[in-house]
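Just so you know, the sequences run in chain order A and B. Going by this note's numbering, the letters in the first sequence line up with residues 3 to 116, in that order. Going by this note's numbering, the letters in the second sequence line up with residues 15 to 127, in that order. So the structure is just underneath, and the comments pick up after that.
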Amino acid sequence: DTAVSQTPKYLVTQMGNDKSIKCEQNLGHDTMYWYKQDSKKFLKIMFSYNNKELIINETVPNRFSPKSPDKAHLNLHINSLELGDSAVYFCASSRTGQGGGELFFGEGSRLTVL
Amino acid sequence: AQTVTQSQPEMSVQEAETVTLSCTYDTSESDYYLFWYKQPPSRQMILVIRQEAYKQQNATENRFSVNFQKAAKSFSLKISDSQLGDAAMYFCAYRTYNNDMRFGAGTRLTVKP
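Here it is, written out as structure tokens:
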């Protein structure tokens with residue numbers, strides 16, 4: 003029973019297309035995240051949602067739009083895909099505040115833009 | 015914004031030996047968390063060890079231990095009795111109580127048989 007699950011695991015698409023990655027957590031956490039890991043393995047935070055509200059929005063192009071329909075889900079939609087969007091995207095979740103602790107990660111979604 | 019620095023892009027260790035991975039961070043907060051995550055080729059992010067900043071005692075988890083120096087803003091990871099399965103990317107991470115979590119650039123650890 004996977005704690006944080008992402009779909010799809012792999013995605014290959016053409017430049018200019020629109021795609022979505024879905025994420026669900028069954029840990030009862032109130033905070034969810036999207037991270038991008040580039041080819042050099044650097045993990046960069048993109049967004050964070052707490053109880054469906056956006057709390058962190060790094061300098062990410064407007065083509066990226068997160069959506070959190072409820073506390074257990076955080077989806078990532080990407081419009082007009084570019085070559086530089088090729089990366090592994092990780093969803094994660096955690097509890098808020100003191101005692102909240104570590105992030106639990108999904109398995110990652112590898113996006114390849116041709 | 016806080017930053018996390020891992021100054022060793024690559025490290026190698028002989029099987030059964032000990033290796034230490036370095037991490038420093040910059041913050042103006044007094045309360046926060048620090049973590050080491052491991053990412054094997056499977057790309058799954060696995061928590062290795064965590065440390066709350068208010069705790070003076072260094073965290074340990076079996077063969078993994080940290081040297082937490084709060085004043086120096088240093089958080090190194092020591093792996094004892096290294097095993098082939100320890101080979102992976104290791105990421106140091108810093109998290110505030112308001113959920114902002116940042117990672118260092120990672121250290122690739124090779125374990126030689």
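Where a beta carbon is used, it is the ideal one built from N, C-alpha and C, also for glycine. Predicted model only: the values in this text are computed from it and were never measured.
- Taking a contact as a CB-CB distance under 8 Å, the pair B:Asp100 and B:Val125 counts as one, their CB atoms being some 5 Å apart.
- Remark: C-beta atoms of A:Phe66 and A:Ile47 do not approach each other more closely than 8 Å.
- Residues of chain A whose Cβ lies closer than 7 Å to the Cβ of B:Tyr47 are, in chain order, Gly103.
- Identification of chain B residues near A:Ser96 by a Cβ-Cβ cut-off of 9 Å yields Arg109, Asn113, Met115, ordered along the chain.
- Under the three-pair Cβ rule at 8 Å, the stretch 49 to 58 of chain B counts as touching the stretch 99 to 114 of chain B.
- Neighbours of A:Asn59 across chain B, judged by C-beta separation under 7 Å, do not exist; the nearest C-beta is about 11 Å away.
- As the crow flies, the alpha-carbon of A:Leu29 is around 19 Å from that of A:Leu56.
- In this chain, B:Cys37 is not harboured by any beta strand (DSSP E), its DSSP state being neither H nor E.
- Counting only runs of 3+ residues, the beta strand (DSSP E) found wholly inside the stretch 53 to 92 of chain A occupies 55 to 59, 66 to 72, 75 to 80, in chain order.
- With three or more CB-CB distances shorter than 8 Å, the stretch 82 to 93 of chain A counts as touching the stretch 11 to 20 of chain A.
- Looking at the backbone, the Cα of B:Thr41 and that of B:Phe89 are separated by about 13 Å.
- For the stretch 48 to 80 of chain B, the set of residues with a beta-carbon nearer than 7 Å to any beta-carbon of chain A comprises Phe49, Arg57, Gln58, Met59, Leu61, Arg64, in chain order.
- CA-CA distance, B:Met115 to A:Asn59, rounds to 12 Å.
- Sixteen is the threshold: when 16 or more other Cβ atoms of the shown chains lie within 10 Å of the Cβ of A:Pro68, as they do, the residue is buried.
- Under a criterion of Cβ atoms nearer than 9 Å, no residue of chain B is adjacent to A:Val14; the nearest Cβ is some 17 Å distant.
- The Cβ atoms of B:Tyr108 and B:Leu35 lie no closer than 8 Å to each other.
- Within chain B, the residues whose beta carbon sits less than 9 Å from that of A:Asn52 are Asn112, Asn113, listed in sequence order.
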